[in-house]
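Worksheet for the structure shown next.
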Amino acid sequence: MPAEAERAALRLAQDSALQPNRVESGHFEELRRHFDDAQIVERVAVCALFGFLNRWNDTLSTELEAVPRAFAEQHLGGSGWQVGKHR
């Protein structure tokens, strides 16, 4: 995937995750330079699904599994990440 296409996809993912959602028509104009409509819909669906799962897991304080927790502690712990309520 070309760098500009990846940047467009990442901007969509980041801005769709914000509260309130910051996706605007410009996001889709940029995405259409690199992706067809089906690919754009698929990217939006993935963002929406993971947004739902993040809220689900946070609301229910879902326990973080051992392998992802160890990875996060190793790679994110130095920047202040903590397992918090997901122990």
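Numbering (our numbering), first residue to last: 5 to 91.
All C-beta atoms in this analysis are idealised placements derived from N, C-alpha and C, irrespective of residue type, glycine included.
For residue i, tell me which candidate among the options has the shortest Cα-Cα distance.
{"i": "Asp-62", "options": "Ala-52, Lys-89, Arg-15 and Ala-42", "result": "Lys-89"}
{"i": "Pro-6", "options": "Leu-35, Val-87, Pro-24 and Ser-20", "result": "Leu-35"}
{"i": "Glu-33", "options": "Pro-72, Arg-15 and Ala-76", "result": "Arg-15"}
For the alpha helix (DSSP H) that contains residue i, what are its first and last residues?
{"i": "Thr-63", "result": "41-63"}
{"i": "Gly-30", "result": "29-36"}
{"i": "Pro-4", "result": "What is shown of the chain runs 5 to 91, which leaves residue 4 out entirely."}
Who are the Cβ neighbours of residue i in its own chain at under 6 Å, not counting the five residues just before and after it?
{"i": "Ala-9", "result": "His-38"}
{"i": "Ile-44", "result": "Leu-35"}
Under 8 Å Cβ to Cβ from residue i, same chain only, skipping five residues before and after it: list those, please.
{"i": "Ser-65", "result": "Lys-89 and His-90"}
{"i": "Arg-87", "result": "According to the sequence shown, residue 87 is Val rather than Arg. So the list reads Leu-68, Arg-73, Ala-76 and Glu-77, once near-sequence residues are dropped."}
{"i": "Trp-60", "result": "Thr-66"}
Are there three or more Cβ pairs, one per stretch, closer than 8 Å when the segment 43-55 is compared with the segment 19-28? Yes, the segment 43-55 is in contact with the segment 19-28.
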